[in-house]
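Visitor: My questions will all concern the structure given below.
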Amino acid sequence: SHEHVMHLASITLASGADFLLLGPKSTMLRSKKKIIAIGAVRTGCGKSQTTRKVCSLLKEMGVRYSVVRHPMPYGDLIKQRVQRFETLEDLRINNCTIEEQEEYEPHIQMGSVVFAGVDYRAILKAAEKGVDVIVWDGGNNDFPFFKPDVLVVVTDPHRTGHELTYHPGETNLRMADIVIINKVDSADKENVELLKRNIRSANKRTAIIEARSPIVIDDPEQIKGKRVLVIEDGPTLTHGGMAFGAGVIAAKKAGAREIIDPRPFAVGSIKSAYEQYPQIGNLIPALGYGSLQLNELDETIKKSDAEVVVIGTPVDLRRVISFEIPAVRVTYSLEERRGPKLKELIENLLFRKE
Numbered sequence: 002s003h004e005h006v007m008h009l010a011s012i013t014l015a016s017g018a019d020f021l022l023l024g025p026k027s028t029m030l031r032s033k034k035k036i037i038a039i040g041a042v043r044t045g046c047g048k049s050q051t052t053r054k055v056c057s058l059l060k061e062m063g064v065r066y067s068v069v070r071h072p073m074p075y076g077d078l079i080k081q082r083v084q085r086f087e088t089l090e091d092l093r094i095n096n097c098t099i100e101e102q103e104e105y106e107p108h109i110q111m112g113s114v115v116f117a118g119v120d121y122r123a124i125l126k127a128a129e130k131g132v133d134v135i136v137w138d139g140g141n142n143d144f145p146f147f148k149p150d151v152l153v154v155v156t157d158p159h160r161t162g163h164e165l166t167y168h169p170g171e172t173n174l175r176m177a178d179i180v181i182i183n184k185v186d187s188a189d190k191e192n193v194e195l196l197k198r199n200i201r202s203a204n205k206r207t208a209i210i211e212a213r214s215p216i217v218i219d220d221p222e223q224i225k226g227k228r229v230l231v232i233e234d235g236p237t238l239t240h241g242g243m244a245f246g247a248g249v250i251a252a253k254k255a256g257a258r259e260i261i262d263p264r265p266f267a268v269g270s271i272k273s274a275y276e277q278y279p280q281i282g283n284l285i286p287a288l289g290y291g292s293l294q295l296n297e298l299d300e301t302i303k304k305s306d307a308e309v310v311v312i313g314t315p316v317d318l319r320r321v322i323s324f325e326i327p328a329v330r331v332t333y334s335l336e337e338r339r340g341p342k343l344k345e346l347i348e349n350l351l352f353r354k355e
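Under our numbering, the first residue of the sequence shown is numbered 2, with each subsequent residue one higher.
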């Protein structure tokens, strides 16, 4: 939050040091190609499905593009200087973590080539080859590493007010060419309207699109009338500040008899997360996919006495945990509802903006 940043600034200044915030002019690289960047005001707003939507629109338009993902290196940074992923086999060859796989796989499955790594000047040069457009797939609520021709920023009406009180999310909002209000199907109308006013107060020139995140449950009949345990995307709930995610919405939609509160039997880092982030609802936050974290998750699930597990994480946990009870996967996409059309805005801003 802005308050958190300024507390750190105060500590720094009181110690006699300078406190500086580097801006886009100092940090963004310029490209020879057109850049469309997707960012957000908070983590968990829906950047990933928005990025996939943009890529599908570029495909429809016959535009050659590559995707560059915000950095998330975990291993040998020298070897990971420039990474290129075109096939699922590339993920194995590069020893990608599950966290990396959950970001790259959806792009690869829709035919996109993904670049990532450490040295973003070298990554930019590699990504420019043979394409017309580079799609920047942002991480958290950071602003892009490449200077965009079009900046799409996703907001969340479940956290109305955060778009003006978090750094660098507010910076993204003020720079945005297109703002998407996501999740309008599950948010209160009053919060959607207030969010619109807040967007306009910060950025009068931006186009605003209202969208929903339609949820797909791979086996909804497994949930109906059952006691379910929901596992959600960790970052959305922890530093994202949300109390629930797509898994909880899906469980209610499918008619679960009860969503079990895991607090009484949670272990390890999961138990600690409830203490650190008390807003988390009746669900388990997936805090990572290392062996210790997966063991804690497995132990918590086994203690739950649930009839069904609802998986709302970006990665399919059935690949990494052997469930003794039925496990149902929840996925989501982006569907425009009201406002100007994203495809037309991209065409006008990206290809007619000289």
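Beta carbons are placed, not taken as given, at the ideal position from N, Cα and C, and that holds for glycine.
#1: Taking the C-alpha atoms as reference points, what is the distance between F86 and L14?
#2: Using the Cβ count rule (16 or more neighbours within 10 Å means buried), how would you classify S11?
#3: Please give the ranges of any beta strand (DSSP E) in the region 136–196, keeping only runs that are unbroken, at least 3 residues long and fully inside the region.
#4: For the candidate residues Q223, I99 and K272, whose alpha-carbon lies nearest to that of R258?
#5: Look at the alpha carbon of L318 and the alpha carbon of F116, and state the distance between them as a whole number of angstroms.
#6: Alpha carbon to alpha carbon, how far is E4 from E325? Give it in angstroms, no decimals.
#7: Taking the C-alpha atoms as reference points, what is the distance between L227 and E308?
#8: For G76, is the classification buried or exposed, using 16 other Cβ atoms within 10 angstroms of its Cβ as the cut-off for buried?
#9: For S67, write down the residues that DSSP places opposite it in a beta bridge.
#10: Starting from G313, follow the beta strand (DSSP E) in both directions and report where the run begins and ends.
#11: Since Y121 is in the alpha helix (DSSP H), which residue starts that stretch and which ends it?
#12: Taking DSSP as the reference, what is the three-state secondary structure of K35?
#13: Spatial neighbours of T51 within its chain, please: C-beta separation below 7 Å, excluding the five flanking residues on both sides.
#14: Could you compute how far the alpha carbon of G170 sits from the alpha carbon of M29?
#15: So which of I216, P221, A177 and G131 has the shortest CA-CA distance to R201?
#16: Drop a sphere of 10 angstroms on the beta-carbon of K35, count the other beta-carbons inside from all chains shown, and report buried for 16 or more, exposed for fewer.
#17: Give the secondary structure of D1 by DSSP, where H, G and I count as helix, E and B as strand, and everything else as coil.
#18: Taking the straight line between their C-alpha atoms, what separation do you get for P286 and T239?
#19: Which term fits M111, buried or exposed, when burial requires 16 or more other beta carbons within 10 angstroms of its beta carbon?
#20: Do D299 and N283 come within 8 Å of each other at the CB atom, strictly closer than that value?
#21: Report yes or no: do the region 119–127 and the region 92–99 share at least 3 C-beta pairs separated by less than 8 Å?
#22: Can you grab the Cα-Cα spacing for the pair I179 / P145, in whole Å?
#23: Among H71, K26, K130 and S49, which has the Cα closest to the Cα of H108?
#24: From the DSSP secondary-structure annotation, give me the bridge partner or partners of P286.
#25: Output the distance between the C-alpha atoms of V83 and D120, rounded to the nearest integer angstrom.
#26: Alpha carbon to alpha carbon, what distance is there between K26 and Y1?
#27: Span of the alpha helix (DSSP H) holding I79?
#28: Does DSSP classify G320 as helix, strand or coil?
#29: Which stretch, first to last residue, makes up the alpha helix (DSSP H) that contains G269?
#30: Look up E259 in the DSSP assignment and give the residues it is bridged to.
#31: How many Å lie between I302 and A328 at the Cα?
#32: Could you name the residues that DSSP lists as bridge partners for R201?
#33: Let me confirm a value: V217 is counted as buried when at least 16 other C-beta atoms fall within 10 Å, else exposed. Which label applies?
Guide: In short:
#1: The sequence position of residue 86 within the sequence shown is 85, counting from 1. The sequence position of residue 14 within the sequence shown is 13, counting from 1. F86 and L14: Cα-Cα distance of roughly 43 Å.
#2: As a position in the sequence shown, residue 11 is number 10, starting the count at 1. Exposed, since its Cβ has fewer than 16 Cβ neighbours within 10 Å.
#3: 151–156 and 179–182
#4: On the sequence shown, position 257 is the one that residue 258 refers to. Checked all of Q223, I99 and K272; the closest Cα to R258 is Q223.
#5: Translated into positions along the sequence shown, residue 318 becomes position 317. Translated into positions along the sequence shown, residue 116 becomes position 115. For L318 and F116, the distance between alpha carbons rounds to 25 Å.
#6: What you label residue 325 is simply residue 324 of the sequence shown in a count that begins at 1. What you label residue 4 is simply residue 3 of the sequence shown in a count that begins at 1. Approximately 45 Å, taken between the alpha carbons.
#7: Position 226 of the sequence shown, counted from the start, is the residue given in the question as residue 227. Position 307 of the sequence shown, counted from the start, is the residue given in the question as residue 308. Checking the displayed sequence, the identity of residue 227 turns out to be Lys instead of Leu. Their backbone Cα atoms lie some 6 Å apart in a straight line.
#8: Numbered from 1 along the sequence shown, position 75 holds the residue referred to as residue 76. Exposed.
#9: Translated into the one-based positions of the sequence shown, residue 67 becomes position 66. According to DSSP, which records beta bridges pairwise, S67 is partnered with I135.
#10: In the sequence shown, residue 313 corresponds to position 312, counting from 1. First-last of the beta strand (DSSP E) with G313: V309 to G313.
#11: Here the question's residue 121 lines up with position 120 in the sequence shown. Y121 -> alpha helix (DSSP H) spans Y121 to E129.
#12: Counting from 1 along the sequence shown, the entry for residue 35 is found at position 34. Correct three-state label for K35: strand.
#13: Within the sequence shown, the letter at position 50 stands for residue 51. Excluding positions up to five away in sequence, the list reads I39, V153, V155, I181 and L335.
#14: Position 169 of the sequence shown, counted from the start, is the residue given in the question as residue 170. Position 28 of the sequence shown, counted from the start, is the residue given in the question as residue 29. So the alpha carbons of these two residues sit roughly 16 Å apart.
#15: Position 200 of the sequence shown holds residue 201. Of the listed residues, the one whose Cα sits closest to R201 is A177.
#16: What you label residue 35 is simply residue 34 of the sequence shown in a count that begins at 1. So K35 ends up on the buried side.
#17: Given that the chain is displayed from residue 2 to residue 355, the structure contains no residue 1 and the question cannot be resolved.
#18: Along the sequence shown, read from residue 1 onward, the residue named residue 286 stands at position 285. Along the sequence shown, read from residue 1 onward, the residue named residue 239 stands at position 238. Their backbone Cα atoms lie some 8 Å apart in a straight line.
#19: For the purposes of this step, residue 111 is identified with residue 110 of the sequence shown, where counting begins at 1. M111 comes out exposed.
#20: On the sequence shown, residue 283 is found 282 positions in, with the first residue counted as 1. On the sequence shown, residue 299 is found 298 positions in, with the first residue counted as 1. Cβ distance not < 8 Å, so N283 and D299 don't count as in contact.
#21: no
#22: Position 178 of the sequence shown, counted from the first residue, corresponds to residue 179. Position 144 of the sequence shown, counted from the first residue, corresponds to residue 145. I179 and P145: Cα-Cα distance of roughly 15 Å.
#23: Residue numbering aside, residue 108 sits at position 107 when the sequence shown is read from its first letter. Closest option to H108, Cα to Cα, is S49.
#24: Taking the sequence shown and counting its residues from 1, the one referred to as residue 286 is at position 285. Answer by DSSP bridge pairing, in chain order: E233.
#25: Numbered from its first residue, the sequence shown carries residue 83 at position 82. Numbered from its first residue, the sequence shown carries residue 120 at position 119. Whole-angstrom Cα-Cα distance: 6 Å.
#26: The structure shown does not extend to residue 1, since the chain is modelled only from 2 to 355, so the question has no answer here.
#27: One-based indexing of the sequence shown puts residue 79 at position 78. Premise fails: I79 is in no alpha helix (DSSP H) and is neither H nor E.
#28: Indexing the sequence shown from 1 puts residue 320 at position 319. The sequence given here places Arg at residue 320; Gly does not occur at that position. Here R320 sits in helix by DSSP.
#29: The residue given as residue 269 occupies position 268 in the sequence shown. Taken as a continuous stretch (DSSP letters only), the alpha helix (DSSP H) holding G269 covers G269 to Q277.
#30: Numbered from its first residue, the sequence shown carries residue 259 at position 258. Beta-bridge pairing links E259 to R228.
#31: Stepping through the sequence shown from its first residue, residue 302 is reached at position 301. Stepping through the sequence shown from its first residue, residue 328 is reached at position 327. Straight-line Cα distance between these residues: approximately 11 Å.
#32: Start at 1 with the first residue of the sequence shown, and residue 201 comes out as number 200. Partner(s): none; R201 has no beta bridge.
#33: Taking the first residue of the sequence shown as 1, we reach residue 217 at position 216. Exposed is the call here.
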